[in-house]
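Numbering (the numbering used here), first residue to last: 1209 to 1597.
In what follows, a structure is listed as structure tokens, so that the remarks can point back to it.
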């Protein structure tokens, strides 16, 4: 039963919970962490750890996607970002960081908007896809709902394995005008994007999101999506969607609602399982464990992975929404000094001397599951939870 409260005469609101509001309650025999499997499978693609990289240029370059894939996770390239617009991305990011350091966040966002105003160059994005594909890891690229129809054919031709249709908030049908992104040698469509029709016409599985409630999650599952993203990658300071749009996603409740939609859809279809991917407010191994415990199959991480040496942002992070041409919803923030960045392998697998859970994310999750007495991710979704008063 939903917990509704009256916020004024004739107006009610639902009481919801963040990940920090809940705690895992072990109630089974403890196990050795060596017995715990963190593997999961999205359509035909198997991953050793439930870690997906948030599709931002600060985090995912072709080289980063390759390294994360080698370590068992999935890197998602932003198909509308700098890697699709500029041949000298590393130099552009260095320029961004310098402006952020010396001129402040507004100047940095203005430069980011200018860099994103350059036309899309399909050959550049195809080269990035080919580089990741040649390394033998799963290739995933993100497009926005309003540009999915225009950009996807060239991505499929380039050889992607997974398509991620990703926006702050997404619905089963996006009503819009012409493609908002100028693409060299590409037409644009004024047809609304019906995800069900769009997905049915593709030969690659689609992950879609973000969503924040049961109804929207269920609608996306009915489109044929292989996975649904919950949240929009919220991160205090770096993501400003709450300040700009007034939209917030209480992640514990949102994940649980999406997991309930998954159960309903499983019954509705007689067995089709859609994966739930949590995206937002996860910066430690404990929060990662709570996201899985609330019902997620995997987590889309931003800042925790931006700490790694391999991240192109050199310890700086910004969401893709920060580049919006008229309503930016993010800022460039530094989370690690360049000479203090650990390797990605250490961020994921340790060893760690950090007592706050930002390093050895996988080790922390594995030990949490072992302490609670669970051996795999789907079982761990049934662990007991408590809410802080």
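Each residue gets a CB set at the ideal place from its N, CA and C atoms; glycine is no exception.
None of the values given here were measured: they were computed from a predicted structure.
{"Check": "For the alpha helix (DSSP H) containing residue 1442, name the first residue and the last one.", "Outcome": "It is not in any alpha helix (DSSP H) - residue 1442 instead sits in the beta strand (DSSP E) that spans 1435 to 1442."}
{"Check": "Going by alpha carbons, who is nearest to residue 1539 out of 1586, 1273, 1308?", "Outcome": "1308"}
{"Check": "Quick check on the DSSP output: what are the complete beta strand (DSSP E) runs of length 3 or more inside the stretch 1554 to 1588, in order along the chain?", "Outcome": "none"}
{"Check": "If you run the structure through DSSP and keep just helix, strand and coil, what is residue 1494?", "Outcome": "helix"}
{"Check": "For a test of the three-state rule: what should DSSP assign to residue 1549, helix, strand or coil?", "Outcome": "coil"}
{"Check": "Just mark residue 1243 as buried or exposed, buried being the case when its beta carbon has 16 or more other beta carbons within 10 Å.", "Outcome": "exposed"}
{"Check": "If you follow the beta strand (DSSP E) that residue 1222 is part of, which residue opens it and which one closes it?", "Outcome": "1219 to 1222"}
{"Check": "Assuming contact is defined by CB atoms lying nearer than 8 Å, are residue 1173 and residue 1441 in contact in what I supplied?", "Outcome": "Look at the range of the chain in this structure, 1209 to 1597, and you will see that residue 1173 is not part of it."}
{"Check": "Output needed for residue 1495: all residues of its chain with C-beta closer than 6 Å, excluding positions within five of it in sequence on either side, in chain order.", "Outcome": "1227"}
{"Check": "Relative to the C-alpha of residue 1370, which residue among 1361, 1377, 1510 is closest?", "Outcome": "1361"}
{"Check": "Residues in its own chain within less than 7 Å of residue 1564 by CB, not counting five upstream and five downstream?", "Outcome": "1492"}
{"Check": "Return the first residue and the last residue of the beta strand (DSSP E) that residue 1594 is part of.", "Outcome": "1592 to 1595"}
{"Check": "Give every residue of the same chain whose Cβ lies closer than 6 Å to the Cβ of residue 1589, excluding the five residues on either side of it in the sequence, and list them in chain order.", "Outcome": "1503"}
{"Check": "Comparing C-alpha positions only, which one of 1344, 1338, 1353 sits nearest to residue 1364?", "Outcome": "1338"}
{"Check": "Please say whether residue 1246 and residue 1574 have beta carbons closer to each other than 8 Å?", "Outcome": "yes"}
{"Check": "Note down the Cα distance separating residue 1407 from residue 1515, rounded to an integer number of angstroms.", "Outcome": "34 Å"}
{"Check": "List the DSSP bridge partners of residue 1349.", "Outcome": "1285, 1371"}
{"Check": "In or out: residue 1393 buried (at least 16 other Cβ within 10 Å) or exposed?", "Outcome": "At residue 1393 the pLDDT is 43, less than 50, meaning the model places this residue with poor confidence; the figure from the coordinates comes in the next sentence. By the neighbour-count rule (16 or more Cβ atoms within 10 Å), residue 1393 is not buried but exposed."}
{"Check": "Kindly provide the ranges of any beta strand (DSSP E) runs that are 3 or more residues long and lie completely inside the stretch 1269 to 1344, ordered along the chain.", "Outcome": "1282 to 1286"}
{"Check": "For residue 1266 and residue 1340, which I take to be in contact (beta-carbon distance under 8 Å), what is that distance rounded to the nearest angstrom?", "Outcome": "The pair is not a contact, with the Cβ atoms about 18 Å apart (cut-off 8 Å)."}
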